[in-house]
Amino acid sequence: MKLQHHLGGLENLGPVNVEPRVFVAPWEKRIFGIHTVMMAESDHLSDAAPAYPVKELPTTFRNTWTWASLRTGAEDMQPFAYFKYRYYEKWLMGISQFFIDQGYVTAKELADRTAWYAAQPDAPLPDHPNPAIRQQIESYLEQGDSPYQARPHAARFVPGQKVRVADPDAVDHTRLPGYLRNKQGVIDVVYPGAYGYFVSTGPDGIGAPMPVYRVAFPAETIWGAAKSEPNTVIYADLFDAYLCDSTNQ
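All residue numbers for the sequence shown refer to this note's numbering, where the first residue is 187 and numbers rise by one.
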């Protein structure tokens, strides 16, 4: 995974921010709301579990937007820029760039509108309530979009089996923590059913439903005994595509 995510074992990154508030400033709530509305109107929900009537929604938004979309935008940031900005500032940049890339707004239009509101901070924001969209958002918040599939998928591994984490090519977005690549662990739990992912990650290997495992790693095998507390075990939920049999290795 790229530098700015899953920073396990990296040193000299400065103090950890222990801010307990979810939203530090009022505008952050609006960014979270925009992201939620985009997910609730996402094209992929027509084939989700449960299925939603998104094709009938009175909206001009006609794209797929999921947590994977948000994370891809953040992971694609230049690492030093990533560390520079606050959490919801990164959300704002990712969402803004998405709307520009998809042609909903031009960079100049966005810049001009930003400058206009900066000069008139008390000006009212657009407000066009729509009952159908509101109902869709409420349904999405209540029911979500489950990646779980109940139909049986044969699991390659069983509890107690030794496995090695793969080292796939770097891609725009992955669910594999970088510090676990090439590490050996033991299957702790085989979760029932199978789990898909919002998007296909290509050579990274996830997308279609597959078994998911909880894998146990002694901390010293990841970061070394000198940097690990004694008797510490790290657990990670990993897709089947990220694991290899290490019995004979």
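We put the CB at the ideal spot given by N, CA and C, even for glycine.
Neighbourhood of Met396 by C-beta, 8 Å cutoff - its chain only, sequence neighbours within 5 removed
The residues are His339, Ala380, Tyr381, Gly382, Phe425, Asp426, Ala427.
Any beta strand (DSSP E) of 3 or more consecutive residues that is wholly inside the stretch 321-405:
Listed in chain order, they are 348-351, 370-376, 398-404.
Under the assumption that Thr222 contacts Ile323 (Cβ atoms under 8 Å), give the Cβ distance between them as a whole number of angstroms.
The C-beta distance from Thr222 to Ile323 rounds to 7 Å, short enough to fall under 8 Å.
Give a yes or no on whether the C-beta atoms belonging to Pro281 and Ile220 are separated by under 8 Å.
Position check: residue 281 holds Ile in this sequence, whereas Pro was assumed. Against a cut-off of 8 Å, the Cβ pair of Ile220 and Ile281 comes out as a contact.
Proximal residues to Met224 (C-beta, below 6 Å), its chain only, five neighbours per side dropped:
The answer, listed in chain order, is Trp251.
Taking only the alpha-carbon atoms, compute the straight-line gap between Pro315 and Asp262 and give it to the nearest angstrom.
Approximately 33 Å, taken between the alpha carbons.
DSSP three-state assignment for Met187, whether helix, strand or coil:
Reliability fails at Met187, whose pLDDT of 42 lies under 50, so the model's placement of it is uncertain and the value that follows must be treated cautiously. Here Met187 sits in coil by DSSP.
For the alpha helix (DSSP H) holding Leu231, just list the boundary residues, first then last.
Here Leu231 belongs to no alpha helix (DSSP H), and DSSP marks it neither H nor E.
Applying the criterion that 16 or more other CB atoms from any shown protein chain within 10 Å of the CB defines a buried residue, is Pro363 buried or exposed?
Buried.
Could you give the distance in angstroms between the alpha-carbon of Gly410 and the alpha-carbon of Val204?
Roughly 26 Å separates the two Cα atoms.
Inter-residue spacing [alpha-carbon to alpha-carbon] between Met187 and His359
Reliability of the predicted coordinates at Met187 is poor, the pLDDT of 42 falling under 50, and the value obtained from them is presented with this limitation in mind. Distance between Met187 and His359, taken at the CA atoms: about 8 Å.
With distance defined between alpha-carbon atoms, name the residue in Tyr290, Ala405, Thr433 nearest to Ile420.
When C-alpha distances from Ile420 are compared across Tyr290, Ala405, Thr433, the shortest belongs to Ala405.
Taking 6 Å as the limit between beta carbons, can you name the residues of its chain near Arg257, skipping five residues before and five after?
For Arg257, same chain residues with a beta-carbon under 6 Å away, outside a window of 5 residues either side, are His359 in chain order.
Pull up the distance between the alpha-carbon of Thr387 and that of Arg361, whole angstroms please.
Looking at the two C-alpha atoms, the distance is approximately 9 Å.
With a cut-off of 8 Å on the beta carbons, I'd call Tyr238 and Ser325 a contact; round off their distance for me.
Contact flag correct, Cβ pair sits at about 7 Å.
From which residue to which residue does the beta strand (DSSP E) around Phe425 run?
Membership of Phe425 in the beta strand (DSSP E) is indicated by the continuous run 419-425.
If we count the other Cβ atoms within 10 Å of its Cβ and call it buried at 16 or more, is Leu429 buried or exposed?
Looking at its Cβ environment, which holds 16 or more other Cβ atoms inside 10 Å, Leu429 is buried.
Going straight from the alpha carbon of Pro212 to that of Asp313, what length do you get?
Those two C-alpha atoms are separated by around 17 Å.
Using the rule of at least 16 other Cβ atoms within 10 Å of the residue's Cβ for burial, across every protein chain shown, is Asp390 buried or exposed?
When all chains shown are included, Asp390 counts as buried.
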